[in-house]
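A.B. asks:
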Amino acid sequence: MDLTARAFWLRSPGQGELRDVQLPKPGDGEVLVRALCSGVSRGTETLVFRGGVPESQHAAMRAPFQEGDFPAPVKYGYLSVGRVEHGPAELVGRTVFCLYPHQSRYVVPASAVTVVPDTVPAGRAILAGTVETAVNALWDAGPQVGDRISVVGGGMVGCSVAALLARHPGVRVQLVDADPARAETARALGVDFAPPEDAARERDLVVHASATEQGLVRSLELLAPEGTVVELSWYGDRRVTLPLGEAFHSRRLTLRSSQVGTVSPRARAGRTYADRLALALDLLADPAFDALITGESAFEDLPGVLPRLASGDLKGLCHRVLYATD
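One point on numbering: in the numbering used here, the residue at position 157 of the sequence shown is 159, and numbering is uninterrupted.
Spelled out as structure tokens, the structure:
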């Protein structure tokens, strides 16, 4: 049983490194997982990489298996897919998803891993955490048949929301983003596309995921009377100013937050975190989600890749990290 591993750590804001790790021997009810791939959550993870987590949110922002504390040194991440090498017989050899940082092997309770369905490739399963956020957002938003819906912000979360809405009967969905390259992504997901200045108006529902003040203001502008904006963006330590003194009250608009840390109270009674994650993995059987993975690199290159993702030098949506298989 190989109990050695390497892990990515943020040494200081803007600087990462790989560290050698000696793992504990897995006990009863635990699994040893060898990572196959992991995903970089471009929004939250690059914010962490830059040291932008406000002190008031240090506890709320902790990842399930995080080590260290914000701003640094810290081991952070939560989109890992691997194969179980040791543990309960029903899990050994299975491909699993875990909310674990970027690390080549790790030991966790068996309850912390979710088996990836045979219909979902391991390389696509890294999106499970993002699609889980989108599932929660749709539970919060409660779209109805025939709704006119815009998704403002074509990042990982926004595109995942758009992909799920495209399956919803009778709705008309438009992805709105300032990057014209997102038009191709929208086509792959089966939804319309528009730049912000040409976005359709009189929308019943707008899901905002651009993490910009301009995007949120535009989202409010696109609403029909009594329409709702569901806010998915997290701004870290940045303040946002909104025109709530204009038509916000006369048009009876609603601004509602959505956050994956809590299962939406609008979900069916009794739904658990495990239910939500299992649903997200089932939904990933759709190959349309491959459009969200726009780059990949070897795990050994991650200390050089994350600064380029954080600066915007490497563009795209989800970045996939590949681990050696020997």
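For every residue, glycine included, the Cβ atom is placed at its ideal position computed from N, Cα and C. Remember, it's a predicted structure, so these values are computed and weren't measured experimentally.
Assuming Q216 and A196 make a contact with CB atoms under 8 Å, what is their CB distance in whole Å?
C.D. replies: 15 Å between Cβ atoms; not a contact.
A.B. asks: Cβ of V178 within 8 Å of Cβ of V193?
C.D. replies: No, they are not a contact pair.
A.B. asks: Roughly how many angstroms lie between the CA atoms of A249 and L207, to the nearest whole one?
C.D. replies: Straight-line spacing of the CA atoms in A249 and L207 works out to 16 Å.
A.B. asks: Just verifying my parser: in three-state terms, what is the DSSP assignment at A65?
C.D. replies: coil
A.B. asks: Here's a check: name, in chain order, each residue in its chain whose Cβ is nearer than 8 Å to the Cβ of P182, leaving out the five neighbours to either side.
C.D. replies: Only P197 meet the Cβ criterion.
A.B. asks: Distance, Cα to Cα, V163 vs Q17?
C.D. replies: 32 Å
A.B. asks: May I ask you to report which of helix, strand or coil DSSP gives P227?
C.D. replies: DSSP places P227 in strand when its eight states are reduced to three.
A.B. asks: Whose C-alpha, out of A112, Y80, D4, Q59, is nearest the C-alpha of P90?
C.D. replies: The shortest C-alpha to C-alpha distance from P90 to any of A112, Y80, D4, Q59 is the one to A112.
A.B. asks: Under 8 Å, do R21 and R36 count as touching if we go by C-beta distance?
C.D. replies: no
A.B. asks: Are the beta-carbon atoms belonging to R126 and L286 less than 8 Å from one another?
C.D. replies: Taking the C-beta atoms as reference points, L286 is found nearer than 8 Å to R126.
A.B. asks: So, for D142: in the same chain, excluding its five sequence neighbours on each side, which residues have a beta-carbon less than 7 Å away from its beta-carbon?
C.D. replies: V232, R258, S260, S266, R268
A.B. asks: Of all the options P66, L167, L34, which has the alpha carbon lying nearest to the alpha carbon of T97?
C.D. replies: Among P66, L167, L34, the Cα nearest to that of T97 is on L34.
A.B. asks: Enumerate in chain order the residues of its own chain whose CB-to-CB distance from R271 is below 7 Å, with the five nearest sequence positions on each side excluded.
C.D. replies: For clarity, residue 271 is Ala in the given sequence; the question names Arg instead. Same-chain partners within the cutoff: there are none.
A.B. asks: Classify M158 as buried or exposed, calling it buried when 16 or more other Cβ atoms lie within 10 Å of its own Cβ.
C.D. replies: M158 should be labelled buried.
A.B. asks: Apart from the five residues on each side of it in sequence, which residues of its chain come closer than 6 Å, Cβ to Cβ, to R203?
C.D. replies: L224
A.B. asks: Less than 8 Å between the beta carbons of R107 and D4, yes or no?
C.D. replies: yes
A.B. asks: Could you say which of V219, E87, S82 lies nearest to C320 if we only look at CA atoms?
C.D. replies: Among V219, E87, S82, the Cα nearest to that of C320 is on S82.
A.B. asks: Taking DSSP as the reference, what is the three-state secondary structure of Q216?
C.D. replies: helix
A.B. asks: From R169 to T243, what does the alpha carbon distance come to, in whole angstroms?
C.D. replies: 34 Å
A.B. asks: Would you please state the rounded distance, in angstroms, between the beta carbons of A352 and V133? I believe it to be under 8 Å.
C.D. replies: The structure shown does not extend to residue 352, since the chain spans only 3 to 328, so no value can be given for it.
A.B. asks: Considering only their Cβ atoms, is the gap separating I151 from L167 smaller than 8 Å?
C.D. replies: Yes, the Cβ-Cβ distance between L167 and I151 is below 8 Å.
A.B. asks: Can you tell me which of the three DSSP states Q146 falls into?
C.D. replies: coil
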